[in-house]
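Residue numbers (our numbering): 260 to 455. All residues carry an ideal CB built from backbone N, CA and C; glycine is no exception. Owing to the predicted nature of the structure, the values given are computational and were not obtained by experimental measurement. Working notes for the structure below.
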Amino acid sequence: RRGIKPEAVRRYWVEAGMKSVDIEFSWDGLYSMNRDVIDPVSNRYFFVDNPVKFDIEGVDEIKGSAPLHPDHADRGSRDYDFKAPISVCLSKEDSELFAEAGKIRLKDFCNLDYGTPAKYAGNDVSILKKGAKAVQWVGPDAMKATLLMPDGSVREGLIERAFAKEQGESVQLERTGFARVSEKTGDSVSFVFSHR
Numbered sequence: 260r261r262g263i264k265p266e267a268v269r270r271y272w273v274e275a276g277m278k279s280v281d282i283e284f285s286w287d288g289l290y291s292m293n294r295d296v297i298d299p300v301s302n303r304y305f306f307v308d309n310p311v312k313f314d315i316e317g318v319d320e321i322k323g324s325a326p327l328h329p330d331h332a333d334r335g336s337r338d339y340d341f342k343a344p345i346s347v348c349l350s351k352e353d354s355e356l357f358a359e360a361g362k363i364r365l366k367d368f369c370n371l372d373y374g375t376p377a378k379y380a381g382n383d384v385s386i387l388k389k390g391a392k393a394v395q396w397v398g399p400d401a402m403k404a405t406l407l408m409p410d411g412s413v414r415e416g417l418i419e420r421a422f423a424k425e426q427g428e429s430v431q432l433e434r435t436g437f438a439r440v441s442e443k444t445g446d447s448v449s450f451v452f453s454h455r
């Protein structure tokens with residue numbers, strides 16, 4: 260259910276069986292081998308749990324783009340084009356970071372100065388060299404998402420709209436980990452967390 264592929268299990272036991280000492284099972288070892296299998300086929304998406312909304316002022320339109328997979332440009336990109344009024348959602352944790360830092364970079368999109376509403380601060384990525392943090396975000400067209408964790412808890416949040424076109428059964432939720440698509444209907448999706 261968590262997206263562990265049979266080839267990863269097979270590889271794990273073949274490699275574990277080659278050792279002359281007693282075998283002690285390692286989840287980390289299995290996850291590492293599964294990561295080798297699913298990473299190349301798992302597109303990347305932003306997932307924001309406990310979302311906090313920020314309206315953005317000072318700009319009429321913002322465009323951005325991020326690859327679906329950093330190693331496979333042929334798969335295309337997640338393209339963003341929002342016109343005023345523009346709003347984004349950050350995770351509760353990142354919204355607190357934003358309030359404390361006063362300035363933040365929305366990954367692959369733009370820079371913001373903290374306020375109510377937030378103020379557009381251009382698209383110069385050099386602010387990262389000056390200590391600004393880059394955070395994931397979702398736009399106003401985001402889909403509802405739930406993520407079932409191994410301990411049975413459920414993280415509720417939003418996933419970027421680009422996910423609506425996803426055909427794969429495994430994705431990487433940036434800064435969260437790999438997840439298997441459990442159910443996808445209209446404007447919502449359910450995931451089962453695999454591993455980091």
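- Quick one, are the C-beta atoms of ASP367 and GLY317 less than 7 Å apart? no
- For MET402, which of VAL347, PRO326, PHE313 and SER301 has the nearest alpha-carbon? VAL347
- Query: For PRO409, which three-state DSSP category applies?
  - Reply: coil
- Query: Tell me which same chain residues have a C-beta within less than 8 Å of the C-beta of TYR304, skipping the five on either side of it?
  - Reply: ARG337, ILE418, GLU419, ALA421, PHE422, GLU425, VAL430, GLN431, LEU432 and GLU433
- Given 8 Å as the limit, is there contact between the region 372–383 and the region 399–413, that is, 3 or more CB pairs closer than that? no
- Starting from PHE357, follow the alpha helix (DSSP H) in both directions and report where the run begins and ends. 351–360
- Item | Inter-residue Cα distance where the pair is SER412 and GLY361 | 32 Å
- Starting from the C-beta of PRO310, find all residues in its chain whose C-beta is less than 6 Å away, skip the five residues before and the five after it, and write them out in chain order. CYS348, GLY416 and LEU417
- Task: Return helix, strand or coil for TYR339, following the three-state DSSP convention.
- Result: strand
- Query: Does the pairing of the region 350–365 with the region 392–401 give three or more beta-carbon distances under 8 Å?
  - Reply: yes
- May I ask you to report which of helix, strand or coil DSSP gives PRO299? helix
- Query: Apart from the five residues just before and just after LYS477, which ones in its own chain have a Cβ nearer than 7 Å to its Cβ?
  - Reply: The first residue shown for the chain is 260 and the last is 455, placing residue 477 beyond what the model contains.
- Sort out for me which residues DSSP pairs ASN370 with in a bridge. ARG364
- Just confirm the distance between the C-beta atoms of PHE306 and THR444, as a whole number of angstroms; I'd bet it's less than 8 Å. That pair is no contact at about 17 Å.
- Can you give me the Cβ contacts of GLY335 inside the same chain, cut-off strictly under 6 Å, excluding the 5 residues immediately before and after it? LEU327
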